[in-house]
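For the record, the sequence lines run as chains A and B. The first sequence begins at 22 in the numbering used here and counts up one residue at a time. The second sequence begins at 22 in the numbering used here and counts up one residue at a time. Following: one structure in structure tokens, then a few remarks.
There are 2 protein chains.
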Amino acid sequence: MYTIKELADLAGVTTRTLRYYDQQGILPPAEIGLNGYRFYDHSSLLRLQQVLFFRELDVPLKEIRIILDRPDFQLVPTLQSHQEAIQEKARRYQELLGTIQKTISSLQGEENMTEKDYFAGFDETQYEEETRELWGRTSQYQESQRKWTSYSQDQKDEIKKEGERITARMVSETPDTRPDDPDVQRAVGDYYAYLNQYFYTCEVEFLRSLADMWVQDSRFKVNFERIREDGAAFVRDAVHLYCDSHRENS
Amino acid sequence: MYTIKELADLAGVTTRTLRYYDQQGILPPAEIGLNGYRFYDHSSLLRLQQVLFFRELDVPLKEIRIILDRPDFQLVPTLQSHQEAIQEKARRYQELLGTIQKTISSLQGEENMTEKDYFAGFDETQYEEETRELWGRTSQYQESQRKWTSYSQDQKDEIKKEGERITARMVSETPDTRPDDPDVQRAVGDYYAYLNQYFYTCEVEFLRSLADMWVQDSRFKVNFERIREDGAAFVRDAVHLYCDSHRENS
DNA sequence: TCTACACCTTAACGTTACGTCAATGTCAAG
DNA sequence: CTTGACATTGACGTAACGTTAAGGTGTAGA
Numbered sequence: 022m023y024t025i026k027e028l029a030d031l032a033g034v035t036t037r038t039l040r041y042y043d044q045q046g047i048l049p050p051a052e053i054g055l056n057g058y059r060f061y062d063h064s065s066l067l068r069l070q071q072v073l074f075f076r077e078l079d080v081p082l083k084e085i086r087i088i089l090d091r092p093d094f095q096l097v098p099t100l101q102s103h104q105e106a107i108q109e110k111a112r113r114y115q116e117l118l119g120t121i122q123k124t125i126s127s128l129q130g131e132e133n134m135t136e137k138d139y140f141a142g143f144d145e146t147q148y149e150e151e152t153r154e155l156w157g158r159t160s161q162y163q164e165s166q167r168k169w170t171s172y173s174q175d176q177k178d179e180i181k182k183e184g185e186r187i188t189a190r191m192v193s194e195t196p197d198t199r200p201d202d203p204d205v206q207r208a209v210g211d212y213y214a215y216l217n218q219y220f221y222t223c224e225v226e227f228l229r230s231l232a233d234m235w236v237q238d239s240r241f242k243v244n245f246e247r248i249r250e251d252g253a254a255f256v257r258d259a260v261h262l263y264c265d266s267h268r269e270n271s
Numbered sequence: 022m023y024t025i026k027e028l029a030d031l032a033g034v035t036t037r038t039l040r041y042y043d044q045q046g047i048l049p050p051a052e053i054g055l056n057g058y059r060f061y062d063h064s065s066l067l068r069l070q071q072v073l074f075f076r077e078l079d080v081p082l083k084e085i086r087i088i089l090d091r092p093d094f095q096l097v098p099t100l101q102s103h104q105e106a107i108q109e110k111a112r113r114y115q116e117l118l119g120t121i122q123k124t125i126s127s128l129q130g131e132e133n134m135t136e137k138d139y140f141a142g143f144d145e146t147q148y149e150e151e152t153r154e155l156w157g158r159t160s161q162y163q164e165s166q167r168k169w170t171s172y173s174q175d176q177k178d179e180i181k182k183e184g185e186r187i188t189a190r191m192v193s194e195t196p197d198t199r200p201d202d203p204d205v206q207r208a209v210g211d212y213y214a215y216l217n218q219y220f221y222t223c224e225v226e227f228l229r230s231l232a233d234m235w236v237q238d239s240r241f242k243v244n245f246e247r248i249r250e251d252g253a254a255f256v257r258d259a260v261h262l263y264c265d266s267h268r269e270n271s
């Protein structure tokens, strides 16, 4: 058992950070004393280590919570994925070191650089660590990655657009349509087909859990709320209806 | 000449970022058109590159501005210092990779870890990149580093405390004392001696520029404002008076 | 010439992950 | 029995932008 300060000192963070993590549900204490004191144990320590790894990899705390709370979360595979992600970060640093060398040479008139060269290594998005970390290493994610990376950029853009079109139909701009509206239900069906075609072969139950996630995760949520009030909840209801009626009899 | 979007795309940042940097005086455009449009040139590009390097090294924008605006700022030495700092960051990643390996082994019962070992590599302050970058590579900084690192931790703590005691005297808690108060002036003299003993041999003019910095840089400023209202300005005035009366005749 | 449409502007509020008080309660040591 | 180091819950502050709103500008094509 550790007090809050003991754990904080061990991990090199402040007590305020640990209280914040508690408040956000990321790292609840193992026990709370009658005096209200927080007490942590060894599993807290391991969880905090995970939090710090994800934080190091620029994963927002909200996502960290979701990842760590997933029922299929596994420690060792996650640690291995951290390993890859950190190695990727290190490679980015190598590129930055190259940029420094080139810039020095070019300032001394020894080398020519294009404008782009001055900024090689700065853009983190090129190293696409986010998606990889977000989904973890489930087999579903792996399949999606395999399919997805086989497309060209133009194809990817087109697939995304199609997804947006179907999504718009699912949310249905007109405010008086209900989740059981035939057009909406047809759109849900199209989305299910779309998923299977471009991402992962999945059962309708997976679609159901996806829709649940859209409601919980505000990053997805906003996409629906933009189109209609409580759009995410609307879509969730529509998807649930769809899944209910397509359960065994498919 | 680049438009704002052209430069943003080159550097992999958003136009909002460039506008923000303009607003903060970190990267003013080379030219502003009659229509209010911002235009950037090659020197802007080099300056932006510097900003991004410092940002990469977690230097706050306020400090970046101060560093880049220093009259003795030099591009090539700064690039070299970036190189060292980035290598240090890479070393930290190596330690994190070690922590991952150890954690995996210990989870499989192959290795024993102390609690501390679980967090090896997370604490950036151990790598003290900040001070190094803040002061740049002036000779004064180097001397201060040489002196400072030769002390033990206990000595360092004691020296810091003494500095705080003298500082308190310089600011003078009692609200009706003036900057030319004899006690205050004596405290300034003591601080000058303190500086020379523990940090760098310097002339009074250096003390003057230090005091000016205390007013500008809010990180130092708060230390004085805590003690008395407008404490930083008060100390600056006191120091200026002291320096004026100790100019040539020392 | 008109009209898209992609670009530009300022203004202002929102966000994340804490830092930093303030006011108050708790506990082990001398 | 009183320090002093620890703990608690608010609550406001901060950095570095993201985002949206409301509008002005420039040019390519019908």
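Cβ atoms here follow ideal geometry from the backbone N, Cα and C, with glycine treated the same way. Everything numeric in this text was worked out from a predicted model, so none of it was measured.
Within-8 Å CB hit, residue i to chain A
i	result
B:G119	no
B:A106	no
B:G54	no
B:T152	The predicted position of B:T152 is uncertain, since its pLDDT is 42 and thus under 50; a value taken from the coordinates is nonetheless stated next. Not an interface residue.
B:G33	yes
B:K26	no
B:T159	Here B:T159 scores only 44 on pLDDT, less than 50, and its place in the model should not be relied on; the value that follows carries that caveat. No, its Cβ sits nowhere closer than 8 Å to a Cβ of chain A.
Whole-angstrom C-beta distance between residue j and residue i, which should lie under 8 Å
i	j	result
A:L100	A:V72	That pair is no contact at about 13 Å.
B:V205	B:A259	5 Å
B:D201	B:L262	6 Å
B:V192	B:V236	So it is not a contact: roughly 13 Å between Cβ atoms.
A:L31	B:E136	5 Å
B:Y114	B:T124	Actually they do not touch by this definition, with Cβ atoms about 15 Å apart.
B:L82	B:Q45	6 Å
B:D144	A:G33	3 Å
A:A214	A:R190	Not really, about 13 Å apart at Cβ, beyond 8 Å.
A:A141	A:E116	6 Å
B:R249	B:E185	Going by Cβ atoms, the distance from B:R249 to B:E185 rounds to 15 Å, so no, they are not a contact pair.
A:Y61	A:L28	5 Å
Proximity test, Cβ basis, 8 Å: residue i and chain B
i	result
A:Q44	no
A:H261	no
A:K182	no
A:L155	Reliability fails at A:L155, whose pLDDT of 44 lies under 50, so the model's placement of it is uncertain and the value that follows must be treated cautiously. With 8 Å as the cut-off, A:L155 does not count as an interface residue toward chain B.
Outcome for residue i when other beta-carbon atoms lying within 10 angstroms are tallied against a minimum of 16
i	result
B:K110	buried
A:Y42	buried
B:S266	exposed
B:F94	exposed
A:T120	buried
B:R59	buried
A:P203	exposed
B:Q70	buried
A:S102	buried
B:I25	buried
A:P50	buried
B:I107	buried
A:F187	Looking at the sequence shown, residue 187 of chain A is not Phe but Ile. It is buried - the Cβ of A:I187 has at least 16 other Cβ atoms within 10 Å.
A:G273	There is simply no residue 273 of chain A to check, as chain A begins at 22 and stops at 271 in what is shown.
A:L55	exposed
B:V243	exposed
A:V80	buried
Q: Select from the stretch 112 to 144 of chain A all residues with a C-beta closer than 7 Å to any C-beta belonging to chain B, and list them in chain order.
A: Residues of the stretch 112 to 144 of chain A with a Cβ closer than 7 Å to any Cβ of chain B, in chain order: Y114, L117, L118, I121, T124, I125, L128, E136, K137, Y139, F140, F143, D144.
Q.
Counting only Cβ-Cβ distances shorter than 9 Å, please list the residues of the stretch 47 to 74 of chain A near chain B, keeping chain order.
A. Those residues of the stretch 47 to 74 of chain A that come within reach of chain B (Cβ to Cβ, closer than 9 Å) are H63, L66, L67, L69, Q70, L73, F74.
Q | Within 9 Å of chain A by C-beta, residues of the stretch 77 to 91 of chain B in sequence order | A | Under the 9 Å Cβ criterion, the stretch 77 to 91 of chain B contributes E77.
Q) Relative to chain B, which residues along the stretch 93 to 104 of chain A have a C-beta separation below 7 Å, given in chain order? A) Here the close residues are L96, V97, L100, H103, Q104.
**Q.** Any 3 or more C-beta pairs closer than 8 Å across the stretch 57 to 67 of chain B and the stretch 77 to 87 of chain A
**A.** A contact is defined here as three or more CB-CB pairs under 8 Å, and the stretch 57 to 67 of chain B fails this definition with respect to the stretch 77 to 87 of chain A.
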